[in-house]
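Q: The structure's right below; bear with me while I get my questions together.
Residue numbers (our numbering): 489 to 619.
Next up, the structure:
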């Protein structure tokens with residue numbers, strides 16, 4: 489469907505004493521990439537929340553193939569492979585500056601109506617942007 493790439497430079501604070509990115513930072517990288525993906529198709533996450541829709545993470549899976557290291561330039565490829573309904577599933581591939589595949593990931597997020605705190609269908613304005 490739609491894919492987008494985002495670049496992130498690994499900061500020293502994201503690594504352990506061996507210069508390897510700590511696994512907890514990958515959730516942040518995916519969030520940055522997701523918000524960047526939304527902006528690339530013309531959707532502001534902030535405005536979506538102002539309209540009463542939030543997207544909490546329901547599930548997250550990782551396959552760590554190789555470590556990311558301090559000072560690496562990571563390219564995060566974010567892909568949407570199916571039309572969202574009440575949830576939206578993103579697939580990710582993270583590469584270093586040598587185009588080595590480091591990590592594969594998937595996140596599932598649920599559209600939630602903030603006034604009821606209940607799941608809801610994907611807003612029509614998002615579906616329109618995906619056509």
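Glycine residues also receive a C-beta, built at the ideal position from the N, C-alpha and C atoms. The structure presented is a predicted model; accordingly, all values stated were derived computationally and were not measured.
If we ignore side chains and look at the alpha-carbon of each, how far apart do residue 509 and residue 560 end up?
A: Using only the alpha carbons, I get a separation of about 10 Å.
Q: Output the boundary residues of the alpha helix (DSSP H) element that contains residue 520.
A: Note, residue 520: alpha helix (DSSP H), 513-528.
Q: Would you tell me roughly how many angstroms separate the C-alpha atoms of residue 516 and residue 522, rounded to the nearest one?
A: Each residue's Cα considered, the two are about 10 Å apart.
Q: Could you tell me whether the stretch 558-573 touches the stretch 600-616, using the rule of 3 or more Cβ pairs below 8 Å?
A: Output reads yes: the stretch 600-616 touches the stretch 558-573.
Q: Exposed or buried, which one is residue 596 when buried takes at least 16 other CB atoms within 10 Å?
A: Answer is exposed; the Cβ neighbour count stays below 16.
Q: Compare the Cα-Cα distances from residue 514 to each of 582, 539, 507 and report the closest residue.
A: Selected option, being the one with the closest Cα: 582.
Q: Quick check on this structure: which residue in 564, 591, 585 has the alpha carbon closest to the alpha carbon of residue 550?
A: Out of 564, 591, 585, 591 has the C-alpha closest to the C-alpha of residue 550.
Q: Can you give me the C-alpha to C-alpha distance between residue 619 and residue 556, rounded to a whole angstrom?
A: For residue 619 and residue 556, the distance between alpha carbons rounds to 35 Å.
Q: One question on the structure: do residue 568 and residue 577 come within less than 9 Å of each other, judged by their Cβ atoms?
A: A contact, by the Cβ cut-off of 9 Å.
Q: By how many angstroms is the C-alpha of residue 545 removed from the C-alpha of residue 599?
A: Taking the straight line from one Cα to the other gives about 9 Å.
Q: Could you check whether residue 499 and residue 558 sit closer than 9 Å to each other, using their CB atoms as the reference points?
A: Result yes, Cβ atoms of residue 558 and residue 499 sit closer than 9 Å.
Q: Which of the three DSSP states, helix, strand or coil, is assigned to residue 593?
A: The answer is strand: DSSP assigns residue 593 an E or B state.
Q: Given a threshold of 16 other Cβ atoms within 10 Å of its Cβ, counted over all protein chains shown, does residue 494 qualify as buried or as exposed?
A: Counting Cβ neighbours within 10 Å, residue 494 comes out buried, since at least 16 surround it.
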